[in-house]
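These protein sequence lines map, in sequence, to chains A and B. Those letters in the first sequence? Residues 1 to 267, by the numbering used here. Those letters in the second sequence? Residues 1001 to 1267, by the numbering used here. Backbone N, C-alpha and C fix where the C-beta goes; we use that ideal spot for every residue, glycine too. If you're wondering where the values come from, they're calculated on a predicted model, not measured in any experiment.
There are 2 protein chains.
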Amino acid sequence: MATTTSPASKRQRSSKDVPYHLIYWPGVPGRGEHVRLALEEAGAEYTDTAHIKDGIKEVMAHINGEVPDDGINVPALAPPILKHGDLVISQTPNILMYLGPRLGLVPPHDEDEDGIYKVNGLALTALDGLSNEPHDCHHPIATGLYYEDQKAESKRKSEDYVKNRLSKFLGYFERVLKSKASGDGPWLYGGKLTYADLVLFQCLDGVKFMFPKAVAKYEKSGDYSNVFKLYEAVKERPKIKEYLASDRRQKYSMGIYRYYEELDIEP
Amino acid sequence: MATTTSPASKRQRSSKDVPYHLIYWPGVPGRGEHVRLALEEAGAEYTDTAHIKDGIKEVMAHINGEVPDDGINVPALAPPILKHGDLVISQTPNILMYLGPRLGLVPPHDEDEDGIYKVNGLALTALDGLSNEPHDCHHPIATGLYYEDQKAESKRKSEDYVKNRLSKFLGYFERVLKSKASGDGPWLYGGKLTYADLVLFQCLDGVKFMFPKAVAKYEKSGDYSNVFKLYEAVKERPKIKEYLASDRRQKYSMGIYRYYEELDIEP
């Protein structure tokens, strides 16, 4: 306010020199977890409404359109929302694409200019099949209704999911990991860890929590051994390991991934 | 083959100097339509498996993993797939993000470096609520089953969709269009047409086809007048108008947007 810099240079500077701020529901890992894992792996400085007093009020203010119109940003429909300086963006894969180059979690542009699109495609596919579809397994009819109001439909959808869909997506990622473009080592693309690996890890972790019998059976089958190797490799990354053991890692609860015994179906 | 250029410069050149090639199911607009509208609006040269003899075989080869491993690209799970020179990428919002800067359908990077993330966020939200959710209205239990095997659940989900979800998403985009960041004129962001406008147009067009009673009622209410103005403004873009009247525009059929009288519910 007291400086003489122009609004443009002020915006520029403040956007790069401040910690990231994640706006997401406190109490569940949810879709915000994909953003957290990227920030944690990179050792980036960030704040998180999950661990701030009255954090939920900030989430609600965005959703209810109570945030003042700043003239720069597009209103968000739902969290996760990332605030970085004056920039406010939403949608998980969008936030990850913004963070990817900044956190070193995509191939460097000067070495592989289209690598980011390959990483983004993988992240979108993991989110489709291993996050959105599991969510719909307990809410197939309406997100505005309780699970108890759609139990029969949830059972039917979960049966299809564990038998047909889960194996389809595991098989797809196994195929990716066997392709030459995945390179050496356990990672999906280019022989180096990218945020697509973190997304796949988190999705698998959630699906393991929700459908432990199905995941155990598929793991035992050996048909997806590279997928499960990737899962273990992410878990052993020093910063991820430290994060998972910290109290910043929230427990699964009534979010995307939920454990209902009647949905824990053996495929 | 006969040149002396290095593989890298060869790849670079061929990726930029050839028409785009869209790989998508012939016979329905589907998610491929978002890619077509971007290419058509920009007047870009492209080929399309929807209009090539045996185009479906090319789609199937990708899905079945029969495409030889080229050592560069990641296998695709599902179309749309975009081929541009040696590059092959999948996932609708990913393809649009690749095309956006090339086709002039996002703010120029040197004027608004983060504009692309605002556009991408809007496109993702439109696809979530006005493409994925309508699809699930006729396939709430399993994509592998016929509609006839999930009719009761479809009715229940469609009732919720037209009453609660559709108005939520229309209201969101109305809010965006009223925000300062949308700028002057009918567009979502920055006072200029971006691919997010094309995505929203195509989504609304499909939802109008699937739920004509609900859309007519919401249009008549006047609560979403900016959203419907955007729809008309896209329709009147000279290249889009020419495209929609051409035989390149395929009719809705058994794809994402389907008309079932029993699902055409008045909210």
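Within a 10 Å sphere around the beta-carbon of residue 179 of chain A sit 16 or more other beta-carbons, which makes this residue buried. Comparing alpha-carbon positions, the option among A:166, A:144, A:83 and A:56 lying closest to residue 45 of chain A turns out to be A:83. Cα atoms of residue 1103 of chain B and residue 1248 of chain B: separation of roughly 19 Å, rounded to the nearest angstrom.
Look at residue 124 of chain A: its C-beta is under 8 Å from a C-beta on chain B.
Of all C-beta pairs linking the region 1064-1082 of chain B to the region 116-134 of chain A, three or more are shorter than 8 Å, placing the two stretches in contact. Three or more beta-carbon pairs separated by less than 8 Å are not found between the region 140-149 of chain A and the region 215-228 of chain A, which leaves the two stretches without contact.
For residue 52 of chain A, DSSP records no beta bridge to any residue. Think of a sphere of 8 Å around the beta carbon of residue 118 of chain A: the chain B residues whose beta carbon falls inside it are 1073, 1074 and 1089, in chain order.
Contact check between the region 1029-1037 of chain B and the region 1083-1102 of chain B: three or more CB pairs, one atom from each, fall below 8 Å, which counts as touching.
Ranked by Cα distance from residue 236 of chain A, the first of A:257, A:112 and A:186 is A:186. Here residue 1084 of chain B carries a strand assignment [DSSP, helix/strand/coil]. Contact between the region 1034-1043 of chain B and the region 1017-1024 of chain B is established, with three or more Cβ pairs separated by less than 8 Å.
Taking a C-beta distance under 8 Å as the contact criterion, residue 1136 of chain B and residue 1157 of chain B qualify as a contact pair.
With fewer than 16 other Cβ atoms from the protein chains shown falling within 10 Å of its own Cβ, residue 1101 of chain B counts as exposed. Chain A places no beta carbon closer than 8 Å to that of residue 1024 of chain B, leaving this residue out of the contacts. For residue 168 of chain A, the CB contacts under 8 Å within the same chain, skipping 5 residues up- and downstream, are 129 in chain order. Taking 8 Å as the CB threshold, residue 176 of chain A lines the interface with chain B.
With its beta carbon less than 8 Å from one in chain B, residue 98 of chain A belongs to the interface. DSSP, reduced to helix, strand and coil, places residue 116 of chain A within a helical segment of the structure shown. When secondary structure is reduced to three states using DSSP, residue 1122 of chain B falls in the helix class.
Taken atom to atom, the span from the alpha-carbon of residue 1051 of chain B to that of residue 1211 of chain B is near 28 Å. Against chain A, the beta carbon of residue 1017 of chain B has no neighbour under 8 Å; the closest one sits roughly 15 Å away.
According to the DSSP secondary-structure assignment, residue 21 of chain A is paired through a beta bridge with A:47 and A:83. At least one C-beta of chain A is nearer than 8 Å to the C-beta of residue 1093 of chain B. Using a Cβ-Cβ cut-off of 9 Å, residue 1189 of chain B is close to 74 of chain A, given in chain order. Counting C-beta atoms within 10 angstroms of its own C-beta, residue 190 of chain A has 16 or more neighbours from the protein chains shown and is therefore classed as buried.
DSSP, read as helix, strand or coil, puts residue 253 of chain A in coil. With a 10 Å radius around the Cβ and a threshold of 16 neighbouring Cβ atoms, residue 1040 of chain B comes out buried. Cα atoms of residue 1193 of chain B and residue 1059 of chain B: separation of roughly 31 Å, rounded to the nearest angstrom. Rounded to whole angstroms, the separation of the alpha carbons of residue 1134 of chain B and residue 1147 of chain B is 13 Å. Annotated as proximal: residue 123 of chain A and residue 96 of chain A, with beta-carbon spacing under 8 Å.
Residue contact check for residue 1102 of chain B against chain A: no CB pair falls below 8 Å.
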